[in-house]
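Report on the structure given below.
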Amino acid sequence: MITTFDVIARIVDGLEIPPELCGLAGRAIGSEVRGAAFPVPTRAQVTSSPESLTSLRIVLDAYDCPADGATRSLGALSTDVSAVVRLRLDSRYEQLGRVLPGLLPELTRAMMAQTGQRRAEAAKLLVQAYRAADAIADKLGLFDLSARIIGLMTWAAAESGDPLAVATAAYVRGEMFFASGDYATGRRVMERAADQLLPEASRGSAAAYGALHMRAAVLAGRGGDAVRAMAHVNEALDVAGGLSEGIYRGTVFGPASVQIHRLTLAVELQDVETALAIAGTWTPPETLPAERRSHFFADAARAFALGDAVPRALEALQQARLTAPEQIRTNTEVLELVGSLVRGRRSMPLTEFAQWLGQVPGQRRSGSSVSEEIT
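Mapping to our numbering: the sequence shown position 27 is 66, numbers consecutive.
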């Protein structure tokens, strides 16, 4: 079984987390740190830097009272936020950790210095920056921190007065219900947010509406509600038919994204026939961001494992690793799948993959960067 501590330990090298934080996490979840495959790092192994998680926490503490500093134009900040969105979509969490502690307070200063429409534009940029910060916390398995960031994202969305920013915050809020296991409430939150939108109003509104239904479908599937899950994914599919695949307010949506969610849903519902049909006959386009493509390959691996096609499952895992190593190395479903496969059989490629994940007892990956092995 993969515990929360295992997930934290596997990413600790990449985000330079203070050892005392790891110790607290281990005690909070009842993990036996001494017996873990990854020992808690010593201070010699962990360096303090502006890019550390501690720096991000400090910035979050001062969300409404940012430190003084230079504040660039909204145009320059918009360029930086676009780059941050791309880093998140490509699962470049280490780079995000270096950029966000400086960018978040600058965006807040910009918002507070403006009025009217310019303040709203700055707030929309801040929403995207908080979303990137949440991606780091979520991948760490630090769900309380993630929830805190999502709260700030919701605050910034309200400051913008933009319904699509509010919808984006609601979509990201869905993560909280995956973490807590309260899938029915999460589904209702997605439905309520979708009901506030008019998909015919604009392409952006249609994409936000469809994305909320995609997430509602997976939440319903996790909760075992197949009827509602299929209704939501079909609604998303209908909307996607009128849109090209693209990035809408930081969320990837379109026909390919819905197809990936159909695979996820089939796996969640243990619909082996549908899962294998999608995994075995379809491949996401290379133009799709790495995070979304890696999710497809991870779920394809789960589908092949359900069909007892272990060699194909391993091939899909390797493709996921090539696509977005930082994402896959901390993906709890991948960790659980590989742990199960290793217990069931041993082969050199499978053992090597498990070792890369850090799942082989006594092994520890070298280096300090989450993304050092394959980029």
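Where is the CB? At the ideal position from N, CA and C, for every residue including glycine. Being a predicted model, the structure only gives us computed values, none of them experimental.
Which whole-angstrom value describes the C-beta separation of residue i and residue j, a residue pair presumed to lie in contact below a C-beta threshold of 8 Å?
{"i": "residue 166", "j": "residue 192", "result": "6 Å"}
{"i": "residue 246", "j": "residue 282", "result": "6 Å"}
{"i": "residue 146", "j": "residue 164", "result": "5 Å"}
{"i": "residue 209", "j": "residue 232", "result": "4 Å"}
{"i": "residue 214", "j": "residue 264", "result": "Not really, about 19 Å apart at Cβ, beyond 8 Å."}
{"i": "residue 127", "j": "residue 171", "result": "5 Å"}
{"i": "residue 415", "j": "residue 314", "result": "In this structure the chain extends from 40 to 414, so residue 415 is not present and cannot be described."}
{"i": "residue 304", "j": "residue 272", "result": "6 Å"}
{"i": "residue 381", "j": "residue 398", "result": "6 Å"}
Residue range of the alpha helix (DSSP H) that residue i falls in?
{"i": "residue 207", "result": "202 to 219"}
{"i": "residue 322", "result": "Taken as a continuous stretch (DSSP letters only), residue 322 belongs to no alpha helix (DSSP H), as it is neither H nor E."}
{"i": "residue 383", "result": "371 to 383"}
{"i": "residue 362", "result": "349 to 362"}
{"i": "residue 394", "result": "387 to 396"}
{"i": "residue 338", "result": "329 to 345"}
Do you know offhand how far residue i's Cα is from residue j's?
{"i": "residue 391", "j": "residue 360", "result": "12 Å"}
{"i": "residue 162", "j": "residue 316", "result": "43 Å"}
{"i": "residue 195", "j": "residue 379", "result": "42 Å"}
{"i": "residue 216", "j": "residue 262", "result": "11 Å"}
{"i": "residue 395", "j": "residue 234", "result": "44 Å"}
{"i": "residue 324", "j": "residue 341", "result": "20 Å"}
{"i": "residue 143", "j": "residue 334", "result": "28 Å"}
{"i": "residue 367", "j": "residue 287", "result": "24 Å"}
{"i": "residue 189", "j": "residue 344", "result": "34 Å"}
{"i": "residue 173", "j": "residue 184", "result": "8 Å"}
{"i": "residue 254", "j": "residue 153", "result": "34 Å"}
{"i": "residue 202", "j": "residue 241", "result": "12 Å"}
{"i": "residue 308", "j": "residue 268", "result": "9 Å"}
{"i": "residue 187", "j": "residue 114", "result": "28 Å"}
{"i": "residue 338", "j": "residue 389", "result": "17 Å"}
{"i": "residue 120", "j": "residue 259", "result": "32 Å"}
{"i": "residue 130", "j": "residue 370", "result": "11 Å"}
{"i": "residue 327", "j": "residue 132", "result": "18 Å"}
{"i": "residue 320", "j": "residue 332", "result": "15 Å"}
{"i": "residue 107", "j": "residue 137", "result": "19 Å"}
{"i": "residue 111", "j": "residue 123", "result": "16 Å"}
{"i": "residue 117", "j": "residue 125", "result": "12 Å"}
{"i": "residue 302", "j": "residue 257", "result": "10 Å"}
{"i": "residue 387", "j": "residue 168", "result": "41 Å"}
{"i": "residue 252", "j": "residue 336", "result": "22 Å"}
{"i": "residue 297", "j": "residue 276", "result": "6 Å"}
{"i": "residue 330", "j": "residue 181", "result": "19 Å"}
{"i": "residue 98", "j": "residue 104", "result": "9 Å"}
{"i": "residue 351", "j": "residue 230", "result": "36 Å"}
{"i": "residue 109", "j": "residue 139", "result": "15 Å"}
Just curious, the beta strand (DSSP E) that residue i is in, first and last residue?
{"i": "residue 102", "result": "Here residue 102 belongs to no beta strand (DSSP E), and DSSP marks it neither H nor E."}
{"i": "residue 290", "result": "290 to 292"}
{"i": "residue 285", "result": "285 to 287"}
For a test of the three-state rule: what should DSSP assign to residue i, helix, strand or coil?
{"i": "residue 180", "result": "coil"}
{"i": "residue 243", "result": "helix"}
{"i": "residue 114", "result": "helix"}
{"i": "residue 161", "result": "helix"}
{"i": "residue 129", "result": "coil"}
{"i": "residue 156", "result": "helix"}
{"i": "residue 310", "result": "coil"}
{"i": "residue 280", "result": "coil"}
{"i": "residue 109", "result": "coil"}
{"i": "residue 77", "result": "Note that residue 77 scores a pLDDT of 31, beneath 50, so its modelled location is shaky; the value from the coordinates is reported in the next line. DSSP places residue 77 in coil when its eight states are reduced to three."}
Check whether the Cβ of residue i lies closer than 9 Å to any Cβ atom in chain C.
{"i": "residue 328", "result": "The structure shown contains no chain C, having only a single protein chain."}
Exercise for the section: Can you check the region 224 to 278 for any alpha helix (DSSP H) of at least 4 residues that lies completely inside it and give the ranges in chain order? Expected result: 242 to 261
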